[in-house]
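Q: This is the structure, below, for whatever I ask next.
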Amino acid sequence: MDRELFAAPALEVAPLLLGAHLSKGEVTVRITEVEAYLGALDPGSHAFRGRTRRNEVMFGEPGHLYTYFTYGMHVCANVVCSPEGTASAVLLRAGEVVEGVELARSRRMTAKRDTDLARGPARLVVAMGIDLADGGADLAEPPFRLELHEPVAAETGPRTGVSGDGGGLDFPWRFWIPGEETVSPYKPHVPKRR
DNA sequence: GTCGAGATTATCT
DNA sequence: GATAATCTCGACC
7 MDRELFAAPA LEVAPLLLGA HLSKGEVTVR ITEVEAYLGA LDPGSHAFRG RTRRNEVMFG
67 EPGHLYTYFT YGMHVCANVV CSPEGTASAV LLRAGEVVEG VELARSRRMT AKRDTDLARG
127 PARLVVAMGI DLADGGADLA EPPFRLELHE PVAAETGPRT GVSGDGGGLD FPWRFWIPGE
187 ETVSPYKPHV PKRR
């Protein structure tokens with residue numbers, strides 16, 4: 007992993023992560039969907055209201071892991087980017103398990119198909135065996151490994167699931183690989199029809 | 001297949 | 001005490 011790469015703004019790092027392989031231990035995931043968070047500039051970010059204990063690692067060195075607890079039962083994982091002192095990160099939304107499938111499956115007993123193993127931020131974290139204690143870990147150090155690949159086709163669109171009135175919802179800060187089975191299907195952001 | 005509601009707890013005000 | 005970068009399940013088409 008080239009640490010320099012992650013000193014760039016989240017909007018530049020996000021497309022680079024698409025198609026990259028992220029590993030923890032025996033499980034490797036090919037990242038298919040991500041979302042950019044721009045810290046202080048981004049009303050939807052945890053860092054919008056300043057530095058707190060939880061988001062402290064977002065202000066730290068690029069290339070580290072930021073984990074947080076949400077909705078009482080789920081953990082999400084981000085890759086910290088932008089230079090130290092700037093709170094910015096890319097949320098890992100979905101991926102395809104390409105190695106250690108058996109282990110990932112044993113962690114996600116409810117997943118019926120292999121494409122469901124890491125389809126969604128909290129699911130990806132579970133499949134990889136990441137937990138809160140991994141927050142702040144260096145993705146260049148074992149048991150983690152991050153391999154960037156050739157740039158792949160990327161599509162962008164509005165973010166999903168971010169609360170707050172219009173908290174950046176109209177910005178295309180979500181990136182995914184078109185046609186991937188593992189891209190999260192949730193909240194397609196269409197008006198209610200009846 | 002899509003839609004809507006509820007679960008459950010660390011962290012912040 | 002309120003909030004939350006989500007998931008699962010049940011109802012319906």
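Everything in the first sequence is counted per our numbering, starting at 7 for the first residue and increasing by one.
We put the CB at the ideal spot given by N, CA and C, even for glycine.
Since the structure is predicted, the reported quantities are computational estimates derived from the model, not experimental observations.
Taking only the alpha-carbon atoms, compute the straight-line gap between residue 44 and residue 107 and give it to the nearest angstrom.
A: 33 Å
Q: Please check the pair residue 87 and residue 16, which I expect to be a contact at CB under 8 Å, by giving their CB distance rounded to whole angstroms.
A: 5 Å
Q: Report the rounded CA-to-CA distance for residue 12 versus residue 89, giving the unit in angstroms.
A: 8 Å
Q: Just checking my contact of residue 124 with residue 101 at CB under 8 Å: how many whole Å lie between their CB atoms?
A: 4 Å
Q: Return helix, strand or coil for residue 198, following the three-state DSSP convention.
A: With a pLDDT of 42 at residue 198, under the threshold of 50, the modelled position of that residue is not reliable, and no figure is offered here.
Q: Give the DSSP-derived three-state secondary structure of residue 18 in the structure shown.
A: Three-state DSSP puts residue 18 in a helix.
Q: Residue 35 lies in the beta strand (DSSP E); which residues open and close that run?
A: 33-43
Q: Flag this pair as yes or no: are the beta carbons of residue 81 and residue 23 separated by less than 8 Å?
A: no
Q: Does DSSP put residue 189 in a helix, a strand or coil?
A: DSSP places residue 189 in coil when its eight states are reduced to three.
Q: Once DSSP output is grouped into helix, strand and coil, what is the label at residue 125?
A: strand
Q: Any idea what DSSP makes of residue 48, helix, strand or coil?
A: coil
Q: So residue 9 and residue 49 are supposed to be a Cβ contact under 8 Å. How far apart are they, rounded?
A: Actually they are not in contact, since the Cβ atoms of residue 9 and residue 49 sit about 29 Å apart, beyond 8 Å.
Q: Measure the CB-CB distance between residue 40 and residue 181 and report whether it falls below 8 Å.
A: With contacts defined as CB atoms closer than 8 Å, residue 40 and residue 181 qualify as a contacting pair.
Q: Rounded to a whole number of angstroms, what is the C-alpha to C-alpha distance between residue 78 and residue 138?
A: 13 Å
Q: Considering only their Cβ atoms, is the gap separating residue 131 from residue 53 smaller than 8 Å?
A: no
Q: Taking residue 153 as the reference, which of 114, 36, 61 has the closest Cα?
A: 36
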